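Chains as they are written, first to last, in the working numbering: chain E, -3 to 121; chain U, -3 to 121; chain Y, -3 to 121; chain P, -3 to 121.
Protein chains: 4
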Amino acid sequence: MNRKKGETHWIIPDGFIPPLSSGELISHESICIVNCNNEDTAIYITIYFEDRDPIEKIPMMIHSKRSHHIRTSSLELNGEKIPVNVPYSIEVESDLPIIVQYSRLDSTQPGLALMSTMGYPLKSE
Amino acid sequence: MNRKKGETHWIIPDGFIPPLSSGELISHESICIVNCNNEDTAIYITIYFEDRDPIEKIPMMIHSKRSHHIRTSSLELNGEKIPVNVPYSIEVESDLPIIVQYSRLDSTQPGLALMSTMGYPLKSE
Amino acid sequence: MNRKKGETHWIIPDGFIPPLSSGELISHESICIVNCNNEDTAIYITIYFEDRDPIEKIPMMIHSKRSHHIRTSSLELNGEKIPVNVPYSIEVESDLPIIVQYSRLDSTQPGLALMSTMGYPLKSE
Amino acid sequence: MNRKKGETHWIIPDGFIPPLSSGELISHESICIVNCNNEDTAIYITIYFEDRDPIEKIPMMIHSKRSHHIRTSSLELNGEKIPVNVPYSIEVESDLPIIVQYSRLDSTQPGLALMSTMGYPLKSE
């Protein structure tokens, strides 16, 4: 069977880096990506904000047959990073098909919270 | 590549505003929307209840290239709002394609809980 | 626009009723359904177990333009119910198109946990 | 109606077995599968890592009309298992169509966290 190994354009509307943590685990988000192709692929991450222009097309390399868990707090373009405590949205574009999931861990209050969802794939018209 | 930037009709069956909060974070839900088009778009939110007629087509503007995180407790039409502690469902219609995610934070008990899912897109027949 | 108001066949692989609760909220699951059609529809819920035959086609009525949040612990056919503390799966079939989401609240330990996902729609071949 | 009972290729990008637990519930992940076909089916689970080659095609049998909740910590091939505290990704291939959901319970901190999502289905081109 010849299957397409994912999609090349993904959206995650609900991004938010919690400013506080408690206990053993640090509050954070991850963009989780797997590349099932036989070749590495470039990806480009765009960050949309509520009240200002996006940070556009942060480049990154995703290796063949590898899992990548990208902490959103590590993303940076020309010295600009995603601020904590600000609602935002994520767009992931890639040269080769990939699969994208988003997860957040919030330890603001004692007792951990997790949430996760697949990204939403945009398909060609 | 010419891609459709989402869908114009989304459903979230599980809505619920928790009546109680504890600690630093207030229990709330957000409808998270990103508009990747080059133009603003109008959206219309309908709220379905278990035991009475819906609140239909609450209008709102979603700006181009922006992220919107709409607290469901802020929605209002002719003075009518979504009551707390009541299970309900959400329909989002928009003029231009958008992407819709739903998230809930519940701090009723010490120790936070989060849940999230993409909305379900209704497509043209 | 003429849109199909959902799908008539949905699957939720991960069902589980937690046996314990603490604090103010009772551990429970909900199958959340919205019927956007102008007519009521019958639905039929089948429960799959790990080690025995399914409970097949528990009937229920879903009203037009209403939200339904069905506690799985309330489902019953010929006196048979879903036991607590047992992993199982859920199938929802309906006469008219609907949209189905699944959510679980677990308060086994102090501090609440939530999880939620859309059901997986099976489409005609 | 003749419906396809799911898909034969599923991806879950965000896998992680939490190393710690507290309280009554052990931190764990489950791959939840339901086989709605009239026949048993073989499945093959591949695990992708961040920094080394995958564990490929761990075989397993999924019974007809049954629910399966597979703890990822139980997966093993030639004595190799998924280590705890390591981000990874999951691929599930099957001979017959199935439906796949992923859930994680994290009790690292007092107060439980849950997250869940449907797997992402790869379709034939």
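Ideal placement from N, C-alpha and C gives every residue a C-beta, glycine not left out.
Keep in mind it's a predicted model, so treat the numbers as computed, not measured.
Tell me where the beta strand (DSSP E) around residue i begins and ends.
i, result
"SER120 of chain P", "No beta strand (DSSP E) contains SER120 of chain P, which DSSP labels as neither H nor E."
"LEU110 of chain E", "109 to 114"
Could you name the residues of the same chain whose beta carbon sits closer than 8 Å to that of residue i, not counting the 5 residues immediately before and after it, in chain order?
i, result
"THR68 of chain U", "GLY11, ILE13, HIS24, GLU25, SER26, ILE27, ILE78 and ILE86"
"SER17 of chain U", "SER23, SER103 and THR104"
"ARG112 of chain E", "The question names Arg, but residue 112 of chain E is Ser in the sequence shown. The answer, listed in chain order, is GLN97, TYR98, SER99 and ARG100."
"ARG62 of chain Y", "VAL30 and ASN31"
"VAL80 of chain U", "ILE13, PRO14, PRO15 and SER69"
"THR4 of chain U", "GLU89, SER90, ASP91, LEU92, PRO93 and ILE94"
"PHE106 of chain U", "Here the sequence assigns Pro to residue 106 of chain U, which means Phe is not the residue at that position. SER18 and GLY19."
Can you list, in chain order, the residues of its chain whose CB lies under 7 Å from that of residue i, leaving out five sequence neighbours each side?
i, result
"THR37 of chain U", "ASN31, ILE58, SER90, ASP91, LEU92 and ILE94"
"LEU73 of chain Y", "ILE51 and ILE54"
"GLY115 of chain U", "TRP6, ILE7, ILE8, VAL88, VAL96, GLN97 and TYR98"
"ALA109 of chain U", "ASP102"
"ASP47 of chain U", "none"
"LYS0 of chain P", "PRO93"
Within its chain, find whatever has a CB closer than 6 Å to the CB of residue i; leave out the 5 residues flanking it on each side and keep chain order.
i, result
"ILE29 of chain E", "ILE58, HIS64, ILE94 and VAL96"
"PHE45 of chain U", "TYR84"
"MET56 of chain U", "ILE39"
"GLY2 of chain Y", "PRO93, ILE94 and ILE95"
"GLU35 of chain P", "SER60"
"MET(-3) of chain E", "Per-residue confidence for MET(-3) of chain E stands at a pLDDT of 48, beneath the threshold of 50, marking its modelled position as unreliable; no derived number is given."
Quick check on DSSP: helix, strand or coil for residue i?
i, result
"THR104 of chain P", "coil"
"LYS1 of chain E", "coil"
Kindly provide the ranges of any alpha helix (DSSP H) runs that are 4 or more residues long and lie completely inside the segment 8 to 87 of chain E, ordered along the chain. Runs found: none.
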